[in-house]
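Below you'll find the structure, written out as structure tokens, and then a few comments.
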Amino acid sequence: MRQLTRQPMRLPGAEPAVAAVAGVCLLLVLLLGLTPALTALTAHEGMTLVPSALGAPFALPSLRAVPLGSTGWPQLLCEDFAAAVLVAAAVLRMRRHLRRRPEATRPRRLLAGWTALITGAATAGVWRGLVTARMVEAGPAGWLLYGAAGAAFGAVWGLGLGWLPGLAALVRHPARPANTDASPPSARPGNTDASPLLARPALEDERP
Numbered sequence: 073m074r075q076l077t078r079q080p081m082r083l084p085g086a087e088p089a090v091a092a093v094a095g096v097c098l099l100l101v102l103l104l105g106l107t108p109a110l111t112a113l114t115a116h117e118g119m120t121l122v123p124s125a126l127g128a129p130f131a132l133p134s135l136r137a138v139p140l141g142s143t144g145w146p147q148l149l150c151e152d153f154a155a156a157v158l159v160a161a162a163v164l165r166m167r168r169h170l171r172r173r174p175e176a177t178r179p180r181r182l183l184a185g186w187t188a189l190i191t192g193a194a195t196a197g198v199w200r201g202l203v204t205a206r207m208v209e210a211g212p213a214g215w216l217l218y219g220a221a222g223a224a225f226g227a228v229w230g231l232g233l234g235w236l237p238g239l240a241a242l243v244r245h246p247a248r249p250a251n252t253d254a255s256p257p258s259a260r261p262g263n264t265d266a267s268p269l270l271a272r273p274a275l276e277d278e279r280p
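Per my numbering, the sequence shown starts with residue 73, numbered consecutively.
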């Protein structure tokens, strides 16, 4: 008789790749929230400040506990919210990929993790651009322009750093054994004699 092995169903959200991508994205926004790391970045890569001078959001959103310099608490909360949007959008992108292609090859998973950061950074950039438009009291065209600029420069930063969550997306579940039959011995095929060994007493000799 052919035995059917029951495999437990895995949800895409339970995949280690989703947690790994979320962890890398969270680490990036935390690093940008550290003043020494931000200072080192601006000192060695001064060209990254050019878009900010034009009104575009700088780099990826930073996750902080206290305001930076003269920035106030409203701007801090907006940046923290943008960081949460980035991580959430990246997780949703990775989960969607795993739901549609659970057995994707390694290059596809690498690309999915890469595009997850691009998606998250672009989505968070829209929010950051709208916050900037509100701060400068821009008109309707300004809101559209700042939002588009935030999405574009966010996607560029995601393209440059997306290889980090891309590598994290290669994490997979450990292999499971092929045969995991945990049924009791009496329920397995081939064992059909369920009577006790001494269920019938031996016949005695009835000769006189």
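Backbone N, C-alpha and C fix where the C-beta goes; we use that ideal spot for every residue, glycine too.
- Per DSSP, reduced to three states, the secondary structure at residue 140 is coil, with no helix or strand assignment.
- DSSP, read as helix, strand or coil, puts residue 225 in helix.
- Collapsing the DSSP output to three states places residue 211 in coil.
- Taking each of 204, 96, 241 in turn and checking the Cα distance to residue 170, the smallest one comes out for 241.
- Residue burial annotation: residue 207 is exposed, with fewer than 16 other C-beta atoms found within 10 angstroms of its C-beta.
- Within the region 84-135, the complete alpha helix (DSSP H) segments of 4 residues or longer fall at 88-104, 107-116, 122-125, listed in chain order.
- In this structure, residue 103 keeps its C-beta atom at 8 Å or more from the C-beta atom of residue 159.
- Of the candidates 124, 110, 126, the residue whose Cα lies closest to the Cα of residue 136 is 110.
- At a Cβ-Cβ threshold of 8 Å, residue 157 and residue 196 count as neighbours.
- Across the structure, residue 215 and residue 126 are spaced so that their CA atoms are roughly 14 Å apart.
- For residue 210 and residue 218, the gap between their C-alpha atoms comes out near 9 Å.
- For residue 160, the uninterrupted alpha helix (DSSP H) run begins and ends at 145-172, by DSSP.
- Residue 201 and residue 113 have their C-alpha atoms some 21 Å from each other.
- The three-state secondary structure of residue 181, taken from DSSP, is helix.
- It is roughly 11 Å from the alpha-carbon of residue 106 to the alpha-carbon of residue 138.
- Around the beta carbon of residue 141, fewer than 16 other beta carbons lie within 10 angstroms, which makes this residue exposed.
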